[in-house]
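Take any residue in the sequence shown, count from 1 to its spot, add 385: that is its number in this note's numbering.
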Amino acid sequence: MSVPALSRTAVDRAALRRDDDEWLAAAWSSGRLLIADPDGRVTISEDDGPSLHLLDTARWEGSGERLLLGVAADGTAYWGAIGDLPRALGARPGDLRMVGGALSDLESGLLVTLVALGNWHASHRYCPRCGAQTEVIQAGWSRRCPVDGSQHFPRTDPAVIVLLHDGGDRALLGRQPTWPKGRYSTIAGFVEAGESAEQAVHREVREETGVLVDDVIYRASQPWPFPQSLMLGYEARVVGGEVGAGDDELEDVRWFDRDELQNDIATLPPNASIAHWLITGWLNRR
Ligand SMILES: [Zn+2]
């Protein structure tokens with residue numbers, strides 16, 4: 386896969402249309418709707434693979450906010466809403482982590498956008514300046530305070546995630562105690578206030594694994610809306626220090642050979658994660 390699984394999309398986000406009420410009304414009436422529940426689950430149908438259960442907007446009886454997700458090349462406007470999941474024969478609830486890597490470019494992009502917007506609205510109902518309840522504007526892409534007029538936008542928190550290698554055939558991975566048995570993954574952490582992404586790479590790696598790195602190379606980014614992260618993916622070469630789980634986050638850190646990782650795919654994180662993309666990308670560049 387040329388880009389990480391959740392960085393795929395097939396719609397124009399139509400940012401310039403978000404204030405055009407006439408256009409929005411027409412786009413709603415002929416649009417398609419994806420509904421997620423407050424926990425980010427959606428209705429998934431299974432044919433050849435998983436696909437999202439989308440409704441015609443006219444069939445929706447919910448009262449939640451209408452969130453414009455984007456417009457496809459054929460002109461179809463896709464909308465999202467938070468509400469009760471539609472029922473469909475043979476369908477089941479699923480979430481982005483479970484199915485995001487297996488959906489089409491279009492559906493993966495719609496779902497990640499809806500989950501990100503839904504999480505933001507759920508936790509940003511009040512004005513951070515004066516505490517008044519804010520109102521949704523711009524087809525779900527902004528909130529405005531009716532008291533002081535301040536405008537607020539969906540928040541995204543940058544985090545770095547790093548594939549550590551030795552310049553040869555070994556990668557250094559860590560494991561959190563809550564993960565399924567045997568799973569190891571790349572090293573990740575939030576970018577702190579006043580810090581560059583590159584500084585965060587050096588700091589997080591040193592804190593979590595004890596090693597020093599050089600040759601820090603940016604690879605790609607991926608939204609990870611749990612609740613609001615943007616993962617900035619890097620590779621870095623270990624050049625010093627002493628390997629050991631440094632803080633409370635990891636219970637083990639150890640080296641893996643390429644052959645070991647290629648033969649034991651159960652070690653790897655789920656394919657919706659950028660960690661999976663970073664590790665398999667490194668493996669495939671043998
Ligand atoms: Zn206010």
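Beta carbons: idealized from backbone N, C-alpha and C, even for Gly.
Pick helix, strand or coil for TRP609, following the three-state DSSP scheme. Collapsing the DSSP output to three states places TRP609 in a strand.
| said: Just list the residues that DSSP pairs TRP413 with in beta bridges. | reply: Its beta-bridge partners do not exist; DSSP assigns none.
Margin query: Does TYR603 pass the burial test, meaning 16 or more other C-beta atoms within 10 Å, or should it be called exposed?
Written below: Exposed, by the Cβ-count rule.
*Any 3 or more C-beta pairs closer than 8 angstroms across the stretch 526-540 and the stretch 631-641*: Verdict: no, contact absent.
| request: Assign CYS515 to buried or exposed, taking buried as 16 or more other Cβ atoms, counted over all protein chains shown, within 10 Å of its Cβ. | output: The residue is exposed, with fewer than 16 neighbouring Cβ atoms inside 10 Å.
| request: Go ahead and label LEU401 buried or exposed: buried means 16 or more other beta carbons lie within 10 angstroms of its beta carbon, across all protein chains shown. | output: With fewer than 16 Cβ atoms within 10 Å of its Cβ, LEU401 is classed as exposed.
How is THR652 classed by DSSP in three states: helix, strand or coil? Looking at THR652 - three-state DSSP - the assignment turns out to be helix.
* If you draw a straight line from the C-alpha of ASP422 to the C-alpha of PHE611, how long is it? -> Whole-angstrom Cα-Cα distance: 14 angstroms.
Within 10 angstroms of the Cβ of GLU492, are there 16 or more other Cβ atoms? Answer buried if so, exposed if not.
Counting Cβ neighbours within 10 Å, GLU492 comes out buried, since at least 16 surround it.
Sheet register partners of HIS537 (DSSP bridge):
According to DSSP, which records beta bridges pairwise, HIS537 is partnered with ARG528.
Fill in: Min CB distance SER527 to chain B below 7 angstroms
Considering every chain present, this structure includes no chain B. It has just one protein chain.
Query - Contact belief for VAL586 with ALA630 at Cβ below 8 angstroms, rounded distance in angstroms - result: 18 angstroms between Cβ atoms; not a contact.
task = Counting only runs of 3+ residues fully inside the stretch 417-496, write out the beta strand (DSSP E) ranges in chain order.
result = As far as the stretch 417-496 is concerned, its whole beta strand (DSSP E) runs of at least 3 residues are 417-421, 427-431, 435-437, 452-457, 462-467, 477-479.
inquiry  = Need the endpoints of the alpha helix (DSSP H) that ARG591 sits in, please.
reply    = Note, ARG591: alpha helix (DSSP H), 582-594.
CA-CA distance, ILE572 and GLU407? Rounded to the nearest whole angstrom, the C-alpha separation of ILE572 and GLU407 is 47 angstroms.
Checklist entry - For VAL497, which residues of its own chain have a beta-carbon under 7 angstroms away from its beta-carbon, when the five flanking residues on both sides are left out? => result Cβ within range, chain order: LEU391, LEU481, GLY485, PRO608, PRO610.
Less than 7 angstroms between the C-beta atoms of VAL590 and VAL598, yes or no?
Yes; because the gap between Cβ atoms is below 7 angstroms, this pair is in contact.
query = Relative to the C-alpha of LEU663, which residue among GLY494, ILE546, THR442 is closest?
reply = Nearest of GLY494, ILE546, THR442 to LEU663, Cα basis: ILE546.
Rounded to the nearest angstrom, what separates GLY434 and ASP490 at their Cα positions? Distance from the CA atom of GLY434 to the CA atom of ASP490, rounded to whole angstroms, is 13 angstroms.
Checklist entry - Among PRO539, LEU439, HIS506, which has the Cα closest to the Cα of GLU450? => result Residue HIS506 is the option with its Cα nearest to GLU450.
- Is there contact here, the stretch 648-661 with the stretch 459-471, by at least three beta-carbon pairs under 8 angstroms? The stretch 648-661, when compared against the stretch 459-471, does not touch it at the 8 angstroms Cβ threshold.
Where ARG560 sits in the DSSP three-state scheme:
Note: ARG560 maps to strand in three-state DSSP.
Near ligand 1: ARG514 beta-carbon under 6 angstroms from a heavy atom:
Correct: ARG514 has its Cβ closer than 6 angstroms to ligand 1.
As a quick exercise: from PRO471, ASP459, SER508, PRO478, pick the residue whose alpha carbon is nearest that of THR442.
Comparing Cα-Cα distances from THR442 to each of PRO471, ASP459, SER508, PRO478, the minimum goes to PRO471.
- Hey, how far is the Cα of ASP642 from the Cα of ASN669? Near 13 angstroms, if we compare the C-alpha coordinates of ASN669 and ASP642.
Check: What are the residues that DSSP puts in a beta bridge with GLY574?
Finding: VAL545, per the DSSP bridge assignment.
* Asked: Straight-line CA distance for GLU577 to LEU474?
  -> CA-to-CA, the gap between GLU577 and LEU474 works out to about 46 angstroms.
inquiry  = Between which residues of its own chain and ARG403 is the CB-CB distance below 7 angstroms, once the five residues before and five after are set aside?
reply    = Closer than 7 angstroms at the Cβ level, and outside the excluded window around ARG403, lie LEU453, GLN523, ALA524, TRP526.
Please name the residue in GLN584, ALA657, GLY574 whose C-alpha comes closest to that of ASP633. When each option's Cα is compared against that of ASP633, the closest is GLY574.
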